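Here's the structure we're looking at; comments come further down.
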Amino acid sequence: MEKSRHRQQFVFSLLLGLWLPYCLAQTTAANRANLAPTPSSSPNTEKLKVRLSGYPRKHNEGRIELFYKGEWGTICDDDFSIANANVLCRQLGFVSATGWTHSAKYGKGQGKIWLDNVLCHGGEKSIKFCKSRGWGNSDCTHDEDAGVVCRDERIPGFVDPNVIEAQVDENKVEEVRLRSVVVTARKKLPITEGIVEVKHKNGWVQICDLRWTIKNTHVVCGMLGFPHERKVNKNFYKLYLERQKNNFFIHSVACTGTEVHLAACPMEFSKPNATSACTGGMPVVVSCMPGPQFIQNSSLKKKVKVSNNVRLKGGARLGEGRVEVLKGSEWGTVCDDRWNLLSASVVCRELGFGSAKEALTGARMGQGIGPVHMNEVKCLGQEKSIWNCPFKNITSEDCQHVEDAAVWCNVPYMGFENSIRITGGRTRYEGRVEVLSSDSNGTQSWGLICGENWTTKEAMVACRQLGLGYANQGLQETWYWDSSNVTEMVMSGVKCTGSEMALSQCQHHKTVSCQKSAAKFSAGVICSETASDLVLNASLVQQTAYIEDRPLHMLYCAAEENCLSKSASKANWPYGHRRLLRFSSEIHNIGRADFKPKAGRHSWVWHACHSHYHSMDIFTHYDLLNGNGTKVAEGHKASFCLEDTDCQEGVSKRYECANFGDQGITVGCWDLYRHDIDCQWIDITDIKPGNFILQVVINPNHEVAESDFTNNAMKCNCKYDGHRIWFHNCHIGDAFSEEAEKRFEKYPGQLNNKIS
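In the numbering used here, the protein residues as written are 131 to 886.
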């Protein structure tokens, strides 16, 4: 009887368990069927703005707020999902979402709760295309405000909708140009003055100047790559323009002056059927002041100065790079929290460029070294310098170098890419270099560059000129397929510093002089979008320096690899000793590509004595300089066992020498040469006591491409009393201000490893 009652209870429970979820599902389905796509009550023509708010938060996370009917509001977390978060993150310019938050994690919002029970599939272009209860229909409180965490990677070319509200109808403004009416000015680049024209359909149209302001001019100059505007003589243009047929497309523009694109400014468009779209006015004419890099007149260059306490590092193109600021006498970076186009534009303009094309986060231009000087920079857009903007001083716990901010600035069009090309390669990133030259009659034709003394520095300039990033290699011989039938050498003796915008700005022979004139001996390049960047841990060198008197019988292998000074050959082997200055070298790759030896493993050199392969003959120079800059002792390090000793958190090792593995240094990893291994020293046996400078240079011959060669040298003050040695002020070569560096040296330092 007891079992029967239990069986009946079980059957009833089973039926209830099956029936109840079914009923609930039908009710939920019915309710969800009543959820309407958000735009049903929202005109599709209205541009929906989305922003991240709340505190504390990073730049890629926060409470979601929507701007609808002139008011900011939030989204309730009911039914919220990762699909919703993906849609919202893409609207904000991030590639995807990594998570979402509920219960007002980033604090409670104010005003309306615009959306509730939002249901996205994940592929919608806007949150307004997802189903919901409808705008303003919610049973939530701000305790339930939803938030998102976006993946810290920007959609390429995306512009922040909170800064740029471009037109969304057929009157979209994208391309703007200056048309010069002066024939001589038209031939010189950049064009700094002329009629403002907007690309519309298949032609160019004008803007009426009746309500045009200096703020509008500031925006136009900025987007064309110029930091400032200047007065223009309208009377000069009036006579010319009265005789021209003008097509006025835009009737008025009302910029605030901080916009980074004309499309972000409120506009009134001319009506198609209007008889006169600009009565009493004329097309807008502006004049812009270029930055000093783009001024042809040398006397004018001296008047136009750029900031000496802000710089860009690590960028392949002119006008892009990691933002570094000088505080006291030490350079440091800017944390990317709240980094946006307004702050980026202030940096761009103070460095002689236009407004910012993109504000980059997440160390997109490589990681810096040293301190992080600024966090949460909040420029309004009109400041003369980033130092005039509100910001927070931070500690190392607040922000790491993986969060270094960077910029991509608008620069003037110079047309440099039209005077050079690379041909014959398997991809557009490689080939032999051909330059446009003119003969005595003015006839233009393409010609080759002599490959003699062509190095990575020259190749860097060629790749930059073509907009192809960095140079992986500079080739002195090219075996590419000849598709252009160009055989004549038209340029030789090219010598670049590496910072030029075009090969024509580098030194070269006035008349061509090339010993090997066959086409296969012409210069070539292999370009790459990314590059490595090696820096030495200066503080570790300072901490680990000491002297060792090492017996000669323990130095046979080192002598074989030329790691001792010349006087060692005259020593009474195996008796006696050599005095060695020893220290550890920790070499970090803070760039955006792995550092790999130029030579493949097939050409690595086996050293039997130490039982290892050398992948580069000279990986590092160690020099000791005296008070007048003369080298008094030297050492070098061949790259044996170039590998990932350790990596920062979240990065995996890729290179290991054991078992004949591959050699290299992964981005975010470092290679440690301990003080107690052979050749990790300078032989100072013949040195008398005194004050010296230790100089260490990584990748001294620039054999392997790096995004920045200026940080490859490290220097220390060195005091030797004949028994002990002290290092102090160890620092990377470009870590201090020029004034501090001059006080440090008191004489020009040597970076070329040649004894004078």
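The beta carbon of each residue, even a glycine, is placed where N, CA and C say it ideally should be.
None of the values given here were measured: they were computed from a predicted structure.
Residue i burial status per 10 Å Cβ neighbour count (16 or more: buried)
i: Tyr370; result: exposed
i: Val827; result: buried
i: Tyr676; result: exposed
i: His639; result: exposed
i: His251; result: exposed
i: Asn214; result: buried
i: Thr586; result: buried
i: His751; result: buried
i: Ile862; result: buried
i: Arg263; result: buried
i: Cys539; result: buried
i: Arg137; result: Only weak support is given to the placement of Arg137: the predicted model assigns it a pLDDT of 41, under 50, and the value that follows is read from those uncertain coordinates. By the neighbour-count rule (16 or more Cβ atoms within 10 Å), Arg137 is not buried but exposed.
i: Val537; result: buried
i: Ile344; result: exposed
i: Trp703; result: exposed
i: Phe785; result: Note that residue 785 is Tyr in the sequence shown here, rather than Phe. So Tyr785 counts as buried.
i: Phe790; result: exposed
i: Glu678; result: exposed
C-alpha gap between residue i and residue j, whole angstroms
i: Asn719; j: Gly421; result: 33 Å
i: Trp609; j: Lys179; result: 54 Å
i: Asn365; j: Tyr543; result: 27 Å
i: Asp816; j: Met684; result: 19 Å
i: Glu305; j: Cys519; result: 30 Å
i: Lys696; j: Asp806; result: 22 Å
i: Phe866; j: Lys646; result: 44 Å
i: Asn267; j: Asp246; result: 7 Å
i: Lys522; j: Met504; result: 6 Å
i: Arg193; j: Leu182; result: 5 Å
i: Glu191; j: Val671; result: 39 Å
i: Pro286; j: Arg220; result: 11 Å
i: Glu533; j: Leu456; result: 18 Å
i: Ile814; j: Cys687; result: 18 Å
i: Ile425; j: Met419; result: 9 Å
i: Glu506; j: Ile717; result: 30 Å
i: Lys845; j: Thr760; result: 15 Å
Beta-carbon spacing of residue i, residue j below 8 Å
i: Leu448; j: Val541; result: yes
i: Val453; j: Val476; result: no
i: Ser782; j: Gly496; result: no
i: Pro727; j: Gln793; result: yes
i: Phe822; j: Leu755; result: yes
i: Gly277; j: Thr228; result: no
i: Glu398; j: Val349; result: no
i: Trp461; j: Ala535; result: no
i: Leu510; j: Ala486; result: no
i: Gly203; j: Ile257; result: no
i: Trp611; j: Gly554; result: yes
i: Phe224; j: Arg284; result: yes
i: Val414; j: Ile337; result: yes
i: Cys860; j: Ser669; result: yes
i: Glu274; j: Val217; result: no
i: Gly577; j: Phe651; result: no
i: Ser226; j: Arg281; result: yes
i: Ile552; j: Val565; result: no
i: Gly545; j: Phe839; result: no
i: Met353; j: Leu392; result: yes
i: Asp208; j: Cys270; result: yes
i: Tyr850; j: Ser715; result: no
i: Trp584; j: Val624; result: yes
i: Pro396; j: Ala384; result: yes
i: Ser549; j: Ser473; result: no
Contact belief for residue i with residue j at Cβ below 8 Å, rounded distance in angstroms
i: Gly324; j: Val311; result: 6 Å
i: Gly484; j: Phe356; result: 5 Å
i: Ser515; j: Val440; result: 7 Å
i: Leu711; j: Arg680; result: At roughly 11 Å, the Cβ-Cβ gap does not stay under 8 Å, so Leu711 and Arg680 are not in contact.
i: Ala723; j: Ala661; result: 5 Å
i: Asn842; j: Asn829; result: 6 Å
(message) Report the start-end ranges of each alpha helix (DSSP H) in the segment 350–377 that is 4 residues or longer and not cut off at the edges.
(response) Those alpha helix (DSSP H) runs which fall completely within the segment 350–377 and span 4+ residues are 364–372.
(request) May I have a chain-ordered list of the beta strand (DSSP E) segments no shorter than 3 residues that lie completely inside the segment 430–514? (result) Listed in chain order, the complete beta strand (DSSP E) runs (minimum 3 residues) inside the segment 430–514 are 440–443, 450–457, 460–464, 486–490 and 502–504.
(message) Give the list of continuous alpha helix (DSSP H) stretches no shorter than 4 residues that lie fully inside the segment 624–660.
(response) The alpha helix (DSSP H) runs of length 4 or more contained entirely in the segment 624–660 do not exist; there are none.
(message) Going residue by residue through the segment 222–272, where are the continuous beta strand (DSSP E) segments of at least 3 residues, counting only ones entirely within it?
(response) Listed in chain order, the complete beta strand (DSSP E) runs (minimum 3 residues) inside the segment 222–272 are 227–231 and 242–245.
(request) Note down, one range per segment and in chain order, each alpha helix (DSSP H) of at least 4 residues found wholly within the segment 546–626. (result) The alpha helix (DSSP H) runs lying completely inside the segment 546–626 and spanning 4 residues or more are 586–595, given in chain order.
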